[in-house]
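Novice: Quick note on numbering: this note's numbering labels position 65 of the sequence shown as 65, and the sequence is numbered without any gaps.
Here a beta-carbon is modelled for each residue, glycine too, at the ideal position from N, C-alpha and C.
Got a structure here, written out as structure tokens. Questions coming.
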Amino acid sequence: MTRRPTGAHRPGSSERLYGDDSCAESTAPLHVPELAAPELTEAECRRCGTYIAGLDGRYACGVCGWVNDHSEGHRRLPRADEDPDRPPKGRRRPRQLPEPAPELSAEMPAEPPAEPPPGPRPVPVTGG
1 MTRRPTGAHR PGSSERLYGD DSCAESTAPL HVPELAAPEL TEAECRRCGT YIAGLDGRYA
61 CGVCGWVNDH SEGHRRLPRA DEDPDRPPKG RRRPRQLPEP APELSAEMPA EPPAEPPPGP
121 RPVPVTGG
């Protein structure tokens, strides 16, 4: 996970694009909490002993699949409302339309079974 850029321009802000404050208020977040950068940590897998790396004391082994508990680690995980990338509350994912059912037409009969081509049948060759 990478850290969000700090400074005058934020990705959601259009202040710099238009040069005025006309639409900066509507797109800029009110308050973006700064999350500290994750710390790269290293340990041995408790199940198979493989040397693994993790972030903030949270590990997952790619060899045996062991994962340490979410409560272990150097700091607490941020809540969803603390996530700067979370969409605003009033915005929802658009509703998907149902897919049309496949139509089986009574006008078109099923394909007849394929018949072997006319002519002599090939004779299997036996080694001898």
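By a C-beta neighbour count over all protein chains shown, 10 Å radius and 16 as the cutoff for buried, is Y51 buried or exposed?
Specialist: In the sequence shown, counting from the first residue as 1, residue 51 sits at position 51. Exposed, since its Cβ has fewer than 16 Cβ neighbours within 10 Å.
Novice: Across which residues does DSSP place V67 in a beta bridge pair?
Specialist: Counting from 1 along the sequence shown, the entry for residue 67 is found at position 67. BP columns for V67 point to A60.
Novice: Under 7 Å between the Cβ atoms of Y59 and A43?
Specialist: Looking up residue 59 in the sequence shown gives position 59. Looking up residue 43 in the sequence shown gives position 43. Cβ distance < 7 Å, so Y59 and A43 count as in contact.
Novice: With L55 as the anchor, note down where its beta strand (DSSP E) starts and where it stops.
Specialist: Working through the sequence shown from its first residue, we reach residue 55 at position 55. It spans 51-55 - the beta strand (DSSP E) in which L55 sits, taken as one unbroken run.
Novice: Provide the residue span of the beta strand (DSSP E) that contains L77, from first to last.
Specialist: In the sequence shown, counting from the first residue as 1, residue 77 sits at position 77. From DSSP, L77 is part of no beta strand (DSSP E); its letter is neither H nor E.
Novice: Can you check whether the CB of R75 is closer than 7 Å to the CB of D56?
Specialist: Locating residue 56 in the sequence shown gives position 56, counting from the first residue. Locating residue 75 in the sequence shown gives position 75, counting from the first residue. The beta carbons of D56 and R75 sit closer together than 7 Å.
Novice: Label C61 either buried or exposed according to how many other C-beta atoms from any shown protein chain fall within 10 Å of its C-beta, with 16 as the threshold for buried.
Specialist: For the purposes of this step, residue 61 is taken as residue 61 along the sequence shown, with counting starting at 1. Counting Cβ neighbours within 10 Å, C61 comes out buried, since at least 16 surround it.
Novice: Give the range of the beta strand (DSSP E) segment to which E42 is assigned.
Specialist: Position 42 of the sequence shown holds residue 42. From DSSP, the beta strand (DSSP E) with E42 extends over 40-44.
Novice: By Cβ distance below 8 Å, which residues in the same chain neighbour R91 in space, the five residues on each side in sequence not counted?
Specialist: In the sequence shown, counting from the first residue as 1, residue 91 sits at position 91. Cβ neighbours of R91 beyond the five flanking positions: none.
Novice: Classify G65 as buried or exposed, calling it buried when 16 or more other Cβ atoms lie within 10 Å of its own Cβ.
Specialist: Numbered from 1 along the sequence shown, position 65 holds the residue referred to as residue 65. Sixteen is the threshold: since fewer than 16 other Cβ atoms of the shown chains lie within 10 Å of the Cβ of G65, the residue is exposed.
Novice: Pull up the distance between the alpha-carbon of T41 and that of P88, whole angstroms please.
Specialist: As a working note, residue 41 is residue 41 in the sequence shown. As a working note, residue 88 is residue 88 in the sequence shown. In a straight line, the C-alpha of T41 is about 33 Å away from that of P88.
Novice: Are the CB atoms of C48 and V67 nearer to each other than 7 Å?
Specialist: Here residue 48 refers to the residue found at position 48 of the sequence shown. Here residue 67 refers to the residue found at position 67 of the sequence shown. Cβ atoms of C48 and V67: not closer than 7 Å.
Novice: Return the chain-ordered list of same chain residues with a C-beta closer than 8 Å to the C-beta of G119, the five sequence neighbours on each side being excluded.
Specialist: To locate residue 119, count along the sequence shown from 1; it is residue 119. Hits under 8 Å: none found.
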